[in-house]
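Student: Heads up, the sequence shown is in the working numbering, so the first residue is 610 and it goes up one at a time.
For glycine and all other residues, C-beta sits at the position ideal for the given N, C-alpha and C.
Pasting a structure below so you can have a look.
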Amino acid sequence: MDNTNQQFVEQLFAPLRATFSKPRPDGSIVLSLLGEADTTAYSRVLSVTQLNDAQAFAQSLEDIRLELAVRSGSIPAEMRKALKEQDSVLNYHAA
Numbered sequence: 610m611d612n613t614n615q616q617f618v619e620q621l622f623a624p625l626r627a628t629f630s631k632p633r634p635d636g637s638i639v640l641s642l643l644g645e646a647d648t649t650a651y652s653r654v655l656s657v658t659q660l661n662d663a664q665a666f667a668q669s670l671e672d673i674r675l676e677l678a679v680r681s682g683s684i685p686a687e688m689r690k691a692l693k694e695q696d697s698v699l700n701y702h703a704a
């Protein structure tokens with residue numbers, strides 16, 4: 610993980626503290642977000658593809674932010690509305 614990406618991730622998830630594992634044998638790393646008293650609040654494995662492709666890396670971070678927002682109950686109103694609409698539309702096919 611280069612220093613620029615590491616600083617970006619740390620700022621993105623503040624006040625949680627971001628830590629990165631050493632590369633695993635397959636090249637992936639573990640991103641851990643630590644809360645107070647250095648307890649792990651969240652962790653996720655980031656694959657080599659996610660680490661080497663800027664768009665995949667950004668999407669991974671956005672997915673983590675969304676998951677943390679869902680867990681904390683602080684999803685923006687527009688997103689809640691979109692998720693409700695998406696869940697309420699079911700596709701029925703006549704057989």
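#1: For the stretch 627-639 against the stretch 667-684, do three or more pairs of beta-carbon atoms, one drawn from each stretch, fall closer than 8 Å, so that the two count as touching?
#2: Are the beta-carbon atoms of Gly636 and Val657 separated by less than 9 Å?
#3: Sort Ala665, Ile638, Pro634 and Asn661 by Cα distance to Ser652 and report the nearest one.
#4: For Thr649 and Ala623, I'd like the C-alpha separation in whole angstroms.
#5: Is Leu642 helix, strand or coil by DSSP?
#6: At what residues does the beta strand (DSSP E) containing Ser681 begin and finish?
#7: Drop a sphere of 10 angstroms on the beta-carbon of Leu660, count the other beta-carbons inside from all chains shown, and report buried for 16 or more, exposed for fewer.
#8: For Leu675, does the count of other Cβ atoms within 10 angstroms reach 16, so buried, or fall short, so exposed?
#9: Name the DSSP beta bridge partners of Leu712, please?
#10: For the ligand NAP, I want to know if Lys631 counts as a neighbour, meaning its beta carbon is within less than 8 Å of at least one of the ligand's heavy atoms.
Tutor: Working from what's here:
#1: no
#2: On the sequence shown, residue 636 is found 27 positions in, with the first residue counted as 1. On the sequence shown, residue 657 is found 48 positions in, with the first residue counted as 1. For Gly636 and Val657, yes; Cβs fall inside 9 Å.
#3: Residue numbering aside, residue 652 sits at position 43 when the sequence shown is read from its first letter. Residue nearest to Ser652 within the set Ala665, Ile638, Pro634 and Asn661 is Ile638 (criterion: CA-CA distance).
#4: Here residue 649 corresponds to residue number 40 of the sequence shown, with the count starting at 1. Here residue 623 corresponds to residue number 14 of the sequence shown, with the count starting at 1. If I take the Cα positions, the gap works out to 14 Å.
#5: The residue labelled residue 642 in the question sits at position 33 within the sequence shown. Residue state, collapsed to three classes: strand.
#6: Within the sequence shown, residue 681 is the residue found at index 72, counting from 1. Ser681: not part of any beta strand (DSSP E); member of the alpha helix (DSSP H) spanning Ala663 to Ser681, first to last residue.
#7: Position 51 of the sequence shown holds residue 660. That one is buried.
#8: The residue labelled residue 675 in the question sits at position 66 within the sequence shown. By the 10 Å Cβ count, Leu675 comes out exposed.
#9: Within the shown structure, residues of the chain are numbered from 610 to 704, placing residue 712 beyond reach of any answer.
#10: Only the bare structure without any ligand can be found here, which leaves the ligand NAP out of the picture.
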